[in-house]
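To start, the structure under review is shown below, and the notes come after it.
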Amino acid sequence: MSRMSQSLVLTLLGGVVLWITALTRSYLNYVKPGFRPFLLAAGVVVLALGIIGLVQEWRRPYANAHDEHVHEQRGKHAEGHDHTQAPKVGWLLSLPVFAIILIAPPALGAFAARGEDAPIRPPATAGSYVPLSGEKITPMAVGEFIGRAWDFRKRTLTGKKVRLTGFVVRSKKKDRWYVTRMQMSCCAADAIALKVAVLGAAPPPDDTWVEVTGTWVPPRSRKIPNGTVPPEMTAGRVTQIPQPSEPYE
Amino acid sequence: MSDRVAVESSTEIPPPEWGRRSAAPPAAPRLFALLAALLVVGRLVLTPLLTAPALQTWATVFVAICVQALPFLVFGVLLSAAIAAFVPPSFWTKALPRNPYAAVPVAGAAGAVLPGCECASVPVASGLMSRGVTPAAALAFLLSSPAVNPVVVVATAVAFPGQPMMAVARFAASLLVAVAAGWLWLRFGRSSWLRVPSRTARGGSKWAEFRDAMRHDLLHAGGFLVIGGITAATLNVIVPRTWLASVAGVPVLSAVVLALLAVVLSICSEADAFVAASLTAFSPTAKLAFLVVGPMVDLKLIALQAGTFGRAFAMRFVPLTFLLAVMVSSALGGVLL
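Protein chains in written order, with our numbering: chain E, 1 to 249; chain A, 250 to 586.
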């Protein structure tokens with residue numbers, strides 16, 4: 001890689017990172033909101049390195065062609081030893097750029113959440129939940145709903161109306177579909193699906209974002225251990241909504 | 250002979266190309282404009298076509314791994330380039346003990362002060378080696394720094410509330426593995442296996458040297474990070490996680506399986522504690538194996554190490570570290586947890 005291609009790849013990479021972080025909110029499809037300052041800093045550094053390199057190349061035009069040629073020659077013998085010459089593997093850094101721009105990867109959806117019997121893990125915050133009001137509809141995170149539903153002794157959900165927000169994952173079973181939210185601890189690579197089965201409502205298409213208002217259905221048998229089947233709720237009302245800006249929980 | 254000197258001499262004495270200046274205009278802006286235009290057209294034409302859910306899921310995971318690792322990589326490369334450009338080589342011979350066997354644990358313990366994840370540690374370790382630090386000591390640092398630094402220890406303590414021994418066991422096991430691996434490499438390793446990245450001393454200002462080193466390291470390490478990201482994303486999409494649940498109850502096997510999961514998932518060491526905590530079906534010892542292996546061996550690290558230190562090195566060092574990590578964490582987990 002000549003110095004110019006190096007600078008070009010870095011400029012593109014830094015530019016695209018700043019684009020998804022500073023100009024749009026699509027970085028939320030990949031990492032947690034708190035990661036933004038680090039991404040901004042990294043984007044600025046990479047972009048600056050690239051632009052400084054491009055400007056330097058541009059400023060010495062006549063030396064350029066000659067210099068380039070010499071570099072190519074040297075590169076064959078001394079790959080990786082000379083700092084003006086980067087190994088060819090550096091070209092791969094343009095792949096994330098192409099992926100971001102051309103595929104525009106959305107937040108993980110029904111495809112990733114598929115798998116009828118995937119293990120469902122309890123949310124990290126399990127343990128201390130505030131008591132729910134009896135009258136009002138309480139908006140609730142899907143993870144909290146699952147955590148409460150698993151806490152058999154307290155039964156804090158019994159008879160309470162709650163509203164869950166998530167996307168639709170259809171089920172093989174006819175009587176239900178899942179309102180789903182992906183939970184990630186760091187980036188989308190470690191995301192897992194939190195699912196609540198919705199009974200008594202016609203299934204919207206996969207990946208539709210919905211608000212479901214309903215009540216928890218206690219499991220018929222207490223012998224099923226936590227995490228083997230998703231908790232269930234009856235749906236009072238299902239409203240379609242646009243995708244929230246923070247798609248993960 | 251450095252390039253910079255060549256360039257400067259050619260600016261002082263007009264080269265034969267002088268007259269061709271107008272005939273060969275600078276290519277950079279044109280190439281850049283062309284690429285940008287192609288990307289915009291691609292966005293308009295291709296994006297509506299590339300909507301297969303499997304492809305999108307793969308791309309999301311791939312981009313997530315790259316985006317998530319980038320800040321740490323940039324930090325590591327900054328630090329490594331700063332070491333290369335601004336710290337004189339004599340500093341390291343003074344700071345570390347002469348005896349390489351004593352230098353290994355010192356370097357391993359030094360990992361505790363550098364906050365960063367494993368993507369940062371590879372360029373830093375290679376920078377240390379090229380500055381004359383004993384490879385075994387730099388390797389101990391490479392293994393320990395992503396696992397024992399304060400940020401990771403705090404994250405582990407937060408992820409396992411009420412189980413303070415998990416953070417302690419992780420710290421102890423990681424340090425032990427790092428030092429043991431360093432000593433074993435010192436005793437049995439051959440210098441021909443390890444390609445120590447050499448840095449040619451160059452003319453020019455410190456800042457130019459700093460920028461060149463950074464650009465080079467970033468592209469080099471970044472390229473291998475992308476290879477690791479592609480592999481991890483592919484396995485992430487192909488291998489269903491349900492396969493894991495079936496082995497959760499088996500004692501030794503579960504530790505090995507979680508260790509392998511850590512290799513496949515390639516999660517940053519500052520976040521893996523939260524993932525480990527969520528694997529509720531597994532024993533604490535198996536989770537410890539996940540936490541000890543993850544920062545030392547994973548797909549993106551294997552790619553980075555093979556790229557930086559050579560394939561012969563990675564072929565030997567990766568299995569050694571993996572075995573040591575599983576053994577030490579199983580033993581310590583049995584005692585402490």
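Cβ atoms here follow ideal geometry from the backbone N, Cα and C, with glycine treated the same way.
For this session: From the DSSP output, in three-state form, read off Leu363 of chain A for me.
Result: For the purposes of this step, residue 363 of chain A is taken as the residue at position 114 of the second sequence. Here Leu363 of chain A sits in coil by DSSP.
Exercise. Which residues, in order along the segment 382-416 of chain A, keep a beta-carbon less than 8 Å from a beta-carbon of chain E?
Worked result: Ala408
Exercise. Exposed or buried, Val373 of chain A, counting other C-beta atoms within 10 Å across all chains shown (16 or more means buried)?
Worked result: The residue labelled residue 373 of chain A in the question sits at position 124 within the second sequence. Label assigned to Val373 of chain A: buried.
Problem set entry | Contact list for Pro302 of chain A against chain E, beta-carbon separation under 8 Å | Locating residue 302 of chain A in the second sequence gives position 53, where the first residue counts as 1. Gly109, Ala110 and Phe111, listed in chain order.
Exercise. When DSSP labels each residue in this structure, what does Gly214 of chain E get in the three-state scheme?
Worked result: Translated into positions along the first sequence, residue 214 of chain E becomes position 214. In this structure, Gly214 of chain E counts as strand in the three-state DSSP scheme.
Exercise. Hey, quick one: how far does the alpha helix (DSSP H) through Met463 of chain A stretch, first residue to last?
Worked result: Counted from its first residue, the second sequence places residue 463 of chain A at position 214. Where Met463 of chain A is concerned, the enclosing alpha helix (DSSP H) stretches over Lys455 to Ile487.
For this session: Output, in sequence order along the chain, the residues in the segment 454-469 of chain A whose CB is closer than 8 Å to any CB in chain E.
Result: Glu458, Arg460, Asp461, Ala462, Met463, Arg464, His465, Leu467, Leu468 and His469
Problem set entry | Under 9 Å from the C-beta of Ser185 of chain E: neighbouring residues of chain A | On the first sequence, residue 185 of chain E is found 185 positions in, with the first residue counted as 1. Correct list: Ala408, Ile516, Ala520, Asp521, Ala522, Phe523, Val524, Ala526 and Ser527.
For this session: Check whether the Cβ of Ile103 of chain E lies closer than 8 Å to any Cβ atom in chain A.
Result: Translated into positions along the first sequence, residue 103 of chain E becomes position 103. Taking Cβ atoms only, chain A reaches closer than 8 Å to Ile103 of chain E, which makes this a yes.
Problem set entry | Counterpart residues of Ala235 of chain E in DSSP-defined beta bridges | Reading the first sequence from its first residue, position 235 is the one you call residue 235 of chain E. Bridge partners of Ala235 of chain E: E:Gly214.
Problem set entry | Residues that Ala197 of chain E bridges to, as DSSP identifies them | Taking the first sequence and counting its residues from 1, one reaches residue 197 of chain E at position 197. Bridge partners of Ala197 of chain E: E:Tyr178 and E:Glu232.
Problem set entry | Span of the alpha helix (DSSP H) around Leu251 of chain E | Any property of residue 251 of chain E remains undetermined from this structure, which presents chain E solely from 1 to 249.
Exercise. Just the Cα atoms here: how many angstroms apart are Met290 of chain E and Arg436 of chain A?
Worked result: Here chain E comprises residues numbered 1 to 249, so residue 290 of chain E is not present and cannot be evaluated.
Exercise. Quick one: what's got a C-beta closer than 6 Å to Ala408 of chain A's C-beta in the same chain, skipping five residues either side?
Worked result: One-based indexing of the second sequence puts residue 408 of chain A at position 159. Answer for Ala408 of chain A: Ala522, Phe523 and Ala526, listed in chain order.
Exercise. Given a threshold of 16 other Cβ atoms within 10 Å of its Cβ, counted over all protein chains shown, does Val499 of chain A qualify as buried or as exposed?
Worked result: For this step, residue 499 of chain A is matched to residue 250 along the second sequence. That one is exposed.
Exercise. On the premise that Ala504 of chain A lies in contact with Gly543 of chain A, defined as a C-beta separation below 8 Å, what is that separation, rounded to the nearest angstrom?
Worked result: In the second sequence, counting from the first residue as 1, residue 543 of chain A sits at position 294. In the second sequence, counting from the first residue as 1, residue 504 of chain A sits at position 255. Going by Cβ atoms, the distance from Gly543 of chain A to Ala504 of chain A rounds to 13 Å, so no, they are not a contact pair.
Exercise. First and last residue of the alpha helix (DSSP H) that includes Thr296 of chain A?
Worked result: Your numbering for residue 296 of chain A matches position 47 in the second sequence. From DSSP, Thr296 of chain A is part of no alpha helix (DSSP H); its letter is neither H nor E.
For this session: For Ile241 of chain E, return the contacting residues in chain A, with the cut-off set at a CB-CB distance below 8 Å.
Result: On the first sequence, residue 241 of chain E is found 241 positions in, with the first residue counted as 1. None at all; the shortest Cβ gap to chain A is about 21 Å.
Exercise. In the DSSP assignment, what are the bridge partners of Cys187 of chain E?
Worked result: Residue mapping note: residue 187 of chain E aligns to position 187 of the first sequence, counting from 1. The partner list for Cys187 of chain E (beta bridge, DSSP) reads E:Val31.
Exercise. Within the chosen definition, does the segment 464-484 of chain A reach the segment 90-103 of chain E through at least 3 CB pairs nearer than 8 Å?
Worked result: yes
Exercise. Grouping DSSP H, G and I as helix and E and B as strand, with all else coil, what is Met140 of chain E?
Worked result: Position 140 of the first sequence holds residue 140 of chain E. Strand, per DSSP.
Exercise. Which term fits Phe571 of chain A, buried or exposed, when burial requires 16 or more other beta carbons within 10 angstroms of its beta carbon?
Worked result: Position 322 of the second sequence, counted from the start, is the residue given in the question as residue 571 of chain A. It is buried - the Cβ of Phe571 of chain A has at least 16 other Cβ atoms within 10 Å.
Problem set entry | Gly559 of chain A (DSSP reduced to helix, strand or coil) | Your numbering for residue 559 of chain A matches position 310 in the second sequence. Gly559 of chain A falls in the coil class under three-state DSSP.
Exercise. Hey, is the segment 156-176 of chain E in contact with the segment 279-289 of chain A, meaning 3+ C-beta pairs nearer than 8 Å?
Worked result: no
Problem set entry | Inter-stretch contact at 8 Å, needing at least 3 Cβ pairs: the segment 128-138 of chain E / the segment 40-58 of chain E | no
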